[in-house]
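Residue numbers (the working numbering): 1160 to 1325. We put the CB at the ideal spot given by N, CA and C, even for glycine. Okay, structure first, notes after.
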Amino acid sequence: MSNDDTKGLFTDGTEPRVTAIPLSDVDSNASGDASVGQLVSNASSQISALVRSEIELAKAEIAGEAKKGAVGGGFFAVAGVVALYSSFFFFFFLGWLLDVWLPTWAAFLIVFVLMLVIAGVAALLGLKKVKSIRKPEKTIESMQELKGVVPSGSAKKSSQPNGMYT
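This is the structure we're talking about:
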(Lines of atoms letter the chains of each structure in order from A and count residues from 1; the text may use other names and numbers.)
(Lines give C-alpha, C1' and ligand atoms only; values in the text may rest on other atoms or scores of the structure.)
Protein backbone atom coordinates (compact mmCIF):
# COMPACT_ATOMS: atom_id res chain seq x y z
CA MET A 1 0.00 0.00 0.00
CA SER A 2 1.01 3.59 -0.42
CA ASN A 3 2.67 5.46 2.41
CA ASP A 4 0.96 8.71 1.41
CA ASP A 5 -1.13 9.49 4.51
CA THR A 6 -2.98 12.38 2.90
CA LYS A 7 -5.49 10.35 0.86
CA GLY A 8 -7.68 8.60 3.45
CA LEU A 9 -7.86 5.01 4.69
CA PHE A 10 -4.70 2.90 4.61
CA THR A 11 -3.78 -0.33 6.29
CA ASP A 12 -0.49 -2.20 6.44
CA GLY A 13 -2.22 -5.45 7.41
CA THR A 14 -1.97 -5.04 11.17
CA GLU A 15 -2.88 -1.51 12.17
CA PRO A 16 -5.67 0.23 10.24
CA ARG A 17 -5.66 4.00 10.24
CA VAL A 18 -7.84 6.66 8.73
CA THR A 19 -6.08 9.93 8.05
CA ALA A 20 -8.90 11.86 6.38
CA ILE A 21 -12.60 11.75 5.70
CA PRO A 22 -13.09 12.18 1.94
CA LEU A 23 -15.78 14.87 1.83
CA SER A 24 -16.30 17.35 -0.97
CA ASP A 25 -15.33 20.95 -0.44
CA VAL A 26 -17.89 22.66 1.78
CA ASP A 27 -17.26 26.09 0.27
CA SER A 28 -17.45 25.01 -3.40
CA ASN A 29 -20.15 27.63 -4.05
CA ALA A 30 -19.75 31.27 -3.16
CA SER A 31 -22.10 32.31 -0.38
CA GLY A 32 -25.55 33.12 -1.71
CA ASP A 33 -24.93 31.57 -5.14
CA ALA A 34 -26.20 28.06 -4.34
CA SER A 35 -29.85 27.17 -4.63
CA VAL A 36 -31.69 25.22 -1.95
CA GLY A 37 -31.61 22.16 -4.21
CA GLN A 38 -27.84 22.41 -4.60
CA LEU A 39 -27.40 22.83 -0.85
CA VAL A 40 -29.57 19.79 -0.13
CA SER A 41 -27.71 17.82 -2.81
CA ASN A 42 -24.34 18.82 -1.35
CA ALA A 43 -25.48 17.97 2.17
CA SER A 44 -26.81 14.56 1.14
CA SER A 45 -23.64 13.71 -0.81
CA GLN A 46 -21.48 14.80 2.12
CA ILE A 47 -23.56 12.75 4.57
CA SER A 48 -23.34 9.78 2.21
CA ALA A 49 -19.56 10.14 1.97
CA LEU A 50 -19.30 10.48 5.75
CA VAL A 51 -21.35 7.33 6.31
CA ARG A 52 -19.27 5.40 3.75
CA SER A 53 -16.03 6.51 5.40
CA GLU A 54 -17.35 5.55 8.84
CA ILE A 55 -18.26 2.11 7.48
CA GLU A 56 -14.76 1.75 6.02
CA LEU A 57 -13.26 2.74 9.38
CA ALA A 58 -15.42 0.16 11.16
CA LYS A 59 -14.43 -2.52 8.63
CA ALA A 60 -10.75 -1.75 9.12
CA GLU A 61 -11.01 -1.85 12.90
CA ILE A 62 -13.08 -5.05 12.91
CA ALA A 63 -10.70 -6.76 10.47
CA GLY A 64 -7.75 -6.11 12.76
CA GLU A 65 -9.63 -7.33 15.82
CA ALA A 66 -10.95 -10.40 13.99
CA LYS A 67 -7.39 -11.32 13.04
CA LYS A 68 -6.31 -11.04 16.68
CA GLY A 69 -9.30 -13.18 17.70
CA ALA A 70 -8.42 -15.85 15.14
CA VAL A 71 -4.83 -16.00 16.35
CA GLY A 72 -6.07 -16.24 19.95
CA GLY A 73 -8.43 -19.05 18.98
CA GLY A 74 -5.55 -20.88 17.33
CA PHE A 75 -3.51 -20.63 20.52
CA PHE A 76 -6.47 -22.00 22.52
CA ALA A 77 -6.70 -24.94 20.10
CA VAL A 78 -2.98 -25.68 20.51
CA ALA A 79 -3.35 -25.48 24.29
CA GLY A 80 -6.26 -27.94 24.17
CA VAL A 81 -4.34 -30.44 22.04
CA VAL A 82 -1.28 -30.25 24.30
CA ALA A 83 -3.48 -30.69 27.39
CA LEU A 84 -5.15 -33.72 25.80
CA TYR A 85 -1.82 -35.37 25.01
CA SER A 86 -0.43 -34.53 28.45
CA SER A 87 -3.30 -36.45 30.07
CA PHE A 88 -1.76 -39.60 28.54
CA PHE A 89 1.41 -38.98 30.54
CA PHE A 90 -0.59 -38.22 33.68
CA PHE A 91 -2.19 -41.65 33.54
CA PHE A 92 1.24 -43.27 33.08
CA PHE A 93 2.47 -41.29 36.08
CA LEU A 94 -0.51 -42.48 38.11
CA GLY A 95 0.15 -46.09 37.13
CA TRP A 96 3.80 -45.94 38.12
CA LEU A 97 2.91 -44.14 41.34
CA LEU A 98 0.50 -46.92 42.32
CA ASP A 99 3.24 -49.40 41.37
CA VAL A 100 5.09 -48.30 44.51
CA TRP A 101 2.43 -49.95 46.70
CA LEU A 102 0.92 -52.53 44.32
CA PRO A 103 2.16 -54.92 41.63
CA THR A 104 2.56 -53.23 38.24
CA TRP A 105 -0.34 -55.10 36.65
CA ALA A 106 -2.70 -54.08 39.49
CA ALA A 107 -1.59 -50.43 39.37
CA PHE A 108 -2.23 -50.14 35.64
CA LEU A 109 -5.50 -52.07 35.95
CA ILE A 110 -6.68 -49.48 38.50
CA VAL A 111 -5.68 -46.66 36.13
CA PHE A 112 -7.51 -48.41 33.27
CA VAL A 113 -10.68 -48.77 35.34
CA LEU A 114 -10.40 -45.12 36.42
CA MET A 115 -10.19 -44.07 32.76
CA LEU A 116 -13.24 -46.20 31.92
CA VAL A 117 -15.19 -44.58 34.78
CA ILE A 118 -14.26 -41.09 33.53
CA ALA A 119 -15.30 -42.05 29.97
CA GLY A 120 -18.57 -43.54 31.28
CA VAL A 121 -19.44 -40.43 33.28
CA ALA A 122 -18.70 -38.22 30.26
CA ALA A 123 -20.87 -40.47 28.05
CA LEU A 124 -23.76 -40.34 30.54
CA LEU A 125 -23.54 -36.55 30.75
CA GLY A 126 -23.52 -36.35 26.95
CA LEU A 127 -26.51 -38.70 26.71
CA LYS A 128 -28.41 -36.61 29.26
CA LYS A 129 -27.75 -33.44 27.24
CA VAL A 130 -28.77 -35.10 23.96
CA LYS A 131 -32.01 -36.41 25.48
CA SER A 132 -32.84 -32.92 26.77
CA ILE A 133 -33.02 -31.57 23.21
CA ARG A 134 -36.62 -30.66 22.42
CA LYS A 135 -38.23 -30.75 19.03
CA PRO A 136 -39.14 -27.37 17.48
CA GLU A 137 -42.78 -27.41 18.59
CA LYS A 138 -43.65 -23.91 17.39
CA THR A 139 -42.31 -24.65 13.92
CA ILE A 140 -44.17 -27.96 13.76
CA GLU A 141 -47.39 -26.25 14.87
CA SER A 142 -46.91 -23.53 12.26
CA MET A 143 -46.34 -26.13 9.54
CA GLN A 144 -49.51 -27.98 10.59
CA GLU A 145 -51.45 -24.73 10.23
CA LEU A 146 -49.94 -24.20 6.77
CA LYS A 147 -51.02 -27.69 5.72
CA GLY A 148 -54.62 -26.66 6.39
CA VAL A 149 -54.28 -23.47 4.34
CA VAL A 150 -52.28 -24.67 1.32
CA PRO A 151 -54.13 -27.12 -0.97
CA SER A 152 -52.20 -30.28 -1.84
CA GLY A 153 -53.01 -33.81 -3.03
CA SER A 154 -56.15 -35.26 -4.61
CA ALA A 155 -57.98 -35.69 -1.29
CA LYS A 156 -57.91 -31.97 -0.67
CA LYS A 157 -59.06 -31.26 -4.22
CA SER A 158 -62.12 -33.48 -3.83
CA SER A 159 -63.13 -31.79 -0.56
CA GLN A 160 -62.62 -28.33 -2.09
CA PRO A 161 -63.74 -28.69 -5.70
CA ASN A 162 -63.18 -25.04 -6.66
CA GLY A 163 -59.76 -24.60 -5.07
CA MET A 164 -58.53 -22.21 -2.46
CA TYR A 165 -59.13 -18.92 -4.27
CA THR A 166 -62.84 -19.21 -5.18
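Check, Outcome
"Rounded distance between the beta-carbons of GLY1254 and VAL1270, thought under 8 Å", "4 Å"
"For VAL1240, the three-state DSSP class (helix, strand or coil)", "helix"
"Three-way DSSP call (helix, strand, coil) for ARG1293 in this model", "coil"
"For ASP1192 and GLN1205, the rounded distance between their alpha carbons", "19 Å"
"Separation of SER1291 from GLY1307, as counted between CA atoms", "30 Å"
"Neighbourhood of ASP1258 by C-beta distance below 7 Å, restricted to the same chain and skipping five residues each side", "ALA1266"
"Cβ separation of MET1274 and PHE1250, assumed to be a contact under 8 Å, to the nearest whole Å", "6 Å"
"Three-state class that DSSP yields for VAL1210 in the structure shown", "helix"
"Alpha-carbon spacing of LYS1294 relative to GLU1304, whole angstroms", "17 Å"
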